[in-house]
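Under this note's numbering, the first residue of the sequence shown carries the number -6, and numbering increases by one thereafter.
Quick notes on the structure that follows.
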Amino acid sequence: MFNQLGDPRNGPDAEIFDRKKTGSDLWIDHTAGYLVPKALFGESHPEFYALKRDGERVPADQFTDHRTPLCLSNDEMAKISEDRALGWITQEPDKNYFFITYGDTGLWCSCNDCRRLDSKPGVFSDRLLHWVNTIA
């Protein structure tokens, strides 16, 4: 089945995920870093990334592509995720499965809109499904 999995490093802007050139640690799972790459949006759209409890956004130099923490309630970020997912699928038409997953991190956005998506405090599945279903 591994040969049926899409690899985000083969999607649009693949050069920004080249380990040798950029040091990226992106792999086929935890694809938030591909869907909303900090190389493209880290400086221009910090609101796409998680708000820490202290009220500051996580700066792009404090996470890796594999561990990208998103603000899952941000509609513009979700639209970009959707567009990039479609671009990836278009570039790998022979693949059947594409992971749409949050970064491999325990850091979750503390903004009011993200917290409102949670069915109960500390349970983040509803906000994840909000984002994934928007992309789907």
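Just so you know, even glycine gets a beta-carbon here, dropped at the ideal spot from N, CA and C.
Rounded separation between residue i and residue j - CA only
i	j	result
M208	A53	The requested residue 208 is not part of the displayed model; the chain covers only -6 to 129.
C104	L(-2)	33 Å
S112	W124	15 Å
L122	H23	15 Å
V51	C64	10 Å
R2	L19	7 Å
G115	Q55	22 Å
Spatially closest choice to residue i from the options, by CA coordinates
i	options	result
Y138	M(-6), T15, S74, L110	Residue numbering for the chain in the displayed model covers -6 to 129; residue 138 lies beyond these limits and cannot be assessed.
N67	F92, F41, Y90	F41
I21	P114, D47, L63, G4	G4
M(-6)	I128, D87, Y95	D87
Cβ pair residue i, residue j closer than 8 Å
i	j	result
A25	T61	yes
Evaluate the contact criterion for the region 75 to 91 versus the region 100 to 108: three or more CB pairs, one atom per stretch, below 8 Å.
-> no
Of all the alpha helix (DSSP H) runs that stay within the bounds of the region 52 to 98, which reach a length of 4 or more residues?
-> 68 to 84
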